[in-house]
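A.B. asks:
In the numbering used here, the protein residues as written are 332 to 594.
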């Protein structure tokens, strides 16, 4: 059948598919990679300096603990040096903890247990909260420099969710950040890396981190006093520990909740 002049047909014509929103592609500049490498070298140099100031001995036990058995061996050996080389042990502990937090290396719970075993509850809590906050802050600023490609490649959906929640709560951002630190809504590692990317101001990030880490630090540091009795990490969260954790969590967010009601 012949078509009349001017007649059109759509037979066999497939309409173009709607364009998909592409995930942004980010790359790092030479200077960003150089700066990140400098941070790594700085940590390593600090650890080498601490090592050189310790007495000559067999330090084969020095490694990041991956289980309770490794941790108990590390505790037993470090107890020998803590009283005579307190400064070196403290500096080495702080460098390792901050390094692990900065580069998202798992196992900081073992370091918190070690603080309780070596220094007791009060000193151990002060050490853990300060080093954990310093490590989270270091991760925050490093992510601000080079974290965007990592986030968009590993957690694009989670990042969009977090960015949306932060944008909705600009007026009460401290309350929301405290909530995140005190609950398992988002992993702490992700919060550290994503906060500068979604424009969480550093002073809000710092306060929420410092206050929000106190409950978990108390539980793990206190458990470190009885390290030899632990059979697994699940033993950390017995009824007494959970009750204490909830109580401290409520006390931590109460001032912010009160200010919200008055507003």
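Even glycine gets a Cβ: it sits at the ideal position worked out from N, Cα and C.
These figures come from a predicted structure and were not determined experimentally.
(1) Three-state secondary structure (DSSP) at residue 398?
(2) Which of helix, strand or coil does DSSP assign to residue 438?
(3) Counting pairs of beta carbons, one from the segment 436-454 and one from the segment 385-402, are three or more of them closer than 8 Å?
(4) With contact counted as at least three CB pairs below 8 Å, one residue from each stretch, are the segment 359-373 and the segment 406-425 in contact?
(5) Going along the chain, which unbroken runs of the alpha helix (DSSP H) with 4 or more residues stay wholly within the segment 505-575?
(6) Going by DSSP in three states, residue 476 sits in which element: helix, strand or coil?
(7) Should residue 429 and residue 469 be called a contact, given that it needs their Cβ atoms to be closer than 8 Å?
(8) Apply the 10 Å Cβ neighbour rule to residue 437 and answer buried if 16 or more other Cβ atoms are within range, or exposed otherwise.
(9) Could you check if residue 293 is buried or exposed, using at least 16 other CB atoms within 10 Å of its CB as the buried criterion?
(10) Measure the CB-CB distance between residue 460 and residue 535 and report whether it falls below 8 Å.
(11) What three-state label does DSSP hand residue 454 in the structure shown?
(12) Which of the three DSSP states is assigned to residue 386 in this structure?
(13) Compare the C-alpha of residue 519 against each of 401, 467, 500 and name the closest.
(14) Could you spell out the range, first to last residue, of the alpha helix (DSSP H) harbouring residue 499?
(15) To the nearest angstrom, report how far apart residue 505 and residue 422 are at their CA atoms.
(16) Can you give me the Cβ contacts of residue 377 inside the same chain, cut-off strictly under 8 Å, excluding the 5 residues immediately before and after it?
(17) For residue 464 and residue 537, which I take to be in contact (beta-carbon distance under 8 Å), what is that distance rounded to the nearest angstrom?
(18) Taking only beta-carbon positions, decide if residue 558 is within less than 8 Å of chain B.
(19) Assign residue 432 to buried or exposed, taking buried as 16 or more other Cβ atoms, counted over all protein chains shown, within 10 Å of its Cβ.
(20) Within 10 Å of its beta-carbon, does residue 449 have 16 or more other beta-carbons around it, so buried, or fewer, so exposed?
(21) Let's see if you can read the secondary structure: which residues bound the alpha helix (DSSP H) around residue 426?
(22) Determine the closest residue to residue 526 out of 543, 548, 474, 515, with distance taken between C-alpha atoms.
(23) Where does residue 483 fall in DSSP's three states?
(24) Where does residue 554 land, buried or exposed, given buried means 16+ other C-beta within 10 angstroms?
(25) Take the Cβ of residue 522 as the centre, count every other Cβ of all protein chains shown within 10 Å, and call the residue buried at 16 or more, exposed below.
C.D. replies: Based on what the coordinates show:
(1) Note: residue 398 maps to coil in three-state DSSP.
(2) coil
(3) yes
(4) no
(5) Every unbroken stretch of the alpha helix (DSSP H) spanning 4 or more residues and falling wholly within the segment 505-575 is given here in chain order: 519-525, 533-543, 545-555.
(6) Residue 476 sits in a helix when the DSSP states are folded into three classes.
(7) yes
(8) exposed
(9) The requested residue 293 is not part of the displayed model; the chain covers only 332 to 594.
(10) For the pair residue 460 and residue 535, the CB atoms are not nearer than the 8 Å cut-off.
(11) helix
(12) coil
(13) 467
(14) 487-499
(15) Annotation: residue 505 to residue 422 spans about 31 Å, alpha carbon to alpha carbon.
(16) 422, 426
(17) Their Cβ separation, rounded to whole angstroms, is 7 Å, which keeps residue 464 and residue 537 in contact under 8 Å.
(18) Absent here is chain B; the protein component of the structure consists of one chain.
(19) buried
(20) buried
(21) Taken as a continuous stretch (DSSP letters only), the alpha helix (DSSP H) holding residue 426 covers 417-433.
(22) 474
(23) DSSP places residue 483 in helix when its eight states are reduced to three.
(24) buried
(25) With 16 or more other Cβ atoms from the protein chains shown falling within 10 Å of its own Cβ, residue 522 counts as buried.
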